[in-house]
Amino acid sequence: MAKDTDEKKVEKLSLSARIAARGVSKKNPSPYVKNRTVFLALRPEIQGALDDGWNIKIIWDTLHEEGKVNFGYQAFRRYVNNLIL
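In the working numbering, each residue's number is its place in the sequence shown (first place is 1) plus 1263.
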């Protein structure tokens, strides 16, 4: 019975959420998978800050200082340009 419940929970998740969960749950996910997953989880916050007029560098500085992102600014900027702008 528990398996049926777990399968129903998985079905309710979006494809993107299922891909992220699958990538992170691997024994040693690649840095690309980890970083992209983190970025996608923060995308609504990042989009909101951009909409409020904050520049990419300030957003990255803040998230990096808070420990929410541990990848470099250039990678962060690439994610913003490819996935938001």
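Using N, Cα and C, we set each Cβ at its ideal position, and we do this for glycine too.
Query, Result
"Exposure of Leu1246, with buried meaning 16 or more beta-carbon neighbours within 10 Å", "Examination of residue 1246 is not possible in this model, given that the chain is present from 1264 through 1348 alone."
"Buried or exposed (CB count within 10 angstroms, at least 16 for buried), Ile1322", "buried"
"Integer-rounded CB distance, given that Leu1326 should sit under 8 Å from Leu1305", "7 Å"
"Close-in-space but distant-in-sequence residues of the same chain around Ala1284 (CB under 8 Å, 5 per side omitted)", "Leu1276"
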